[in-house]
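Be aware that the sequence shown starts at 2, since it is given in the UniProt record's numbering, and climbs by one per residue. Glycine included, every Cβ here is placed at the ideal spot set by N, Cα and C. These notes are about the structure you will find just below.
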Amino acid sequence: RKRLTIADLKKMKQEKNRISMLTAYDYPAAKLAEEAGIDIILVGDSLGNVVLGYDTTIPVTLEDMIYHTRAVARGAVHTFIVTDMPFMTYGIGRESTLRNAARIMQEGGAHALKLEGGTEIAAEVSALVKAGIPVMGHIGLTPQSVHQLSGYKVQREARKLMEDAKALEEAGAFAVVLEMVTEPIAESITKELSIPVIGIGAGRSCDGQVLVYHDILQYSSPYISKKFVKTYADIGTTIRDAIESYVHDVKTEAFPAESNVFGAAKQETTEHLY
Ligand code: KIV
Ligand code: NA
Numbered sequence: 002r003k004r005l006t007i008a009d010l011k012k013m014k015q016e017k018n019r020i021s022m023l024t025a026y027d028y029p030a031a032k033l034a035e036e037a038g039i040d041i042i043l044v045g046d047s048l049g050n051v052v053l054g055y056d057t058t059i060p061v062t063l064e065d066m067i068y069h070t071r072a073v074a075r076g077a078v079h080t081f082i083v084t085d086m087p088f089m090t091y092g093i094g095r096e097s098t099l100r101n102a103a104r105i106m107q108e109g110g111a112h113a114l115k116l117e118g119g120t121e122i123a124a125e126v127s128a129l130v131k132a133g134i135p136v137m138g139h140i141g142l143t144p145q146s147v148h149q150l151s152g153y154k155v156q157r158e159a160r161k162l163m164e165d166a167k168a169l170e171e172a173g174a175f176a177v178v179l180e181m182v183t184e185p186i187a188e189s190i191t192k193e194l195s196i197p198v199i200g201i202g203a204g205r206s207c208d209g210q211v212l213v214y215h216d217i218l219q220y221s222s223p224y225i226s227k228k229f230v231k232t233y234a235d236i237g238t239t240i241r242d243a244i245e246s247y248v249h250d251v252k253t254e255a256f257p258a259e260s261n262v263f264g265a266a267k268q269e270t271t272e273h274l275y
């Protein structure tokens, strides 16, 4: 299977071919997402919440993003990988933004970066694009600004959102994520832009959809019910039940069984040692 390019993604918008995007943060998740045929893997800074257990994405570091991107890149060799620039690693001056971006590309192995913000970061987006780095914008509910936004709320400022979306397109972004925006606003932005608009909680008209791995799998994601999420499996319950069975087997000495034991007679080895 051939890795998609930003040209392919633009063509998908033109041909009304929906773009599927899912987050992944490690090797097995990336491998499974690729095997399942996902178009884009996002190494989101949501890893702060769902993998590292923080309340917000604010504590996530550049090193965290590089570390997880490397694992994802090893698992999904044929998939287009976008990595989030974390809080305060951009928007603080062109030079440091470029240096931080370069580290995620070189050390992490991402194919593109995602930045939160609109008009206020357009100049930096343009600098990244000129340096050869594909940029995905992210507007609407931008979780790195949760305190400035006074919580995780649906964004309804139509004119401001349109202005931000256009500024990102003009700056050279190849796509924009719209998060928690009303369906009519998302629809008009999707129509207005020639680059793909990928929605999360932004309705049915977007060119693509993105969700968080742990949310669609109910993999120990926070028990807040998110209206815009659809769950496709309950992996959390499966894992907890399996571990309970293991604990039970150890306590009752049902495990290890005879078949799991190395006897004195034969020279047995096991294939995978860590
Ligand atoms: O970090 C993330 O997972 C994201 C998506 C929810 C868009 O930014
Ligand atoms: Na993010």
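* Identify the continuous alpha helix (DSSP H) that holds S97 and give its terminal residues. => R95 to R104
* To do: Please say whether G141 and Q156 have beta carbons closer to each other than 8 Å?
  => yes
* Residue environment, Q145, which counts as buried when at least 16 other CB atoms sit within 10 Å -> buried
* Assigned secondary structure, V83 (DSSP; H/G/I helix, E/B strand, else coil) -> strand
* Hey, does G200 have any beta-carbon neighbour from chain D nearer than 8 Å? -> Going by chain labels, chain D is absent from the structure shown, which holds only one protein chain.
* Could you name the residues, in chain order, whose CB is less than 5 Å away from a heavy atom belonging to the ligand NA? -> G45, D46 and D85
* To do: Determine the contact status of A111 and V44, defining contact as a CB-CB distance below 8 Å.
  => yes
* Answer yes if the region 219-233 comes into contact with the region 243-254, meaning at least three C-beta pairs across the two stretches below 8 Å, and no otherwise. => no
* Asked: Rounded to whole angstroms, how far is the Cβ of V182 from the Cβ of L169, which I believe are closer than 8 Å?
  -> Actually they do not touch by this definition, with Cβ atoms about 14 Å apart.
* For the putative contact between N50 and T58, defined by C-beta atoms under 8 Å, what is the C-beta separation to the nearest angstrom? -> 7 Å
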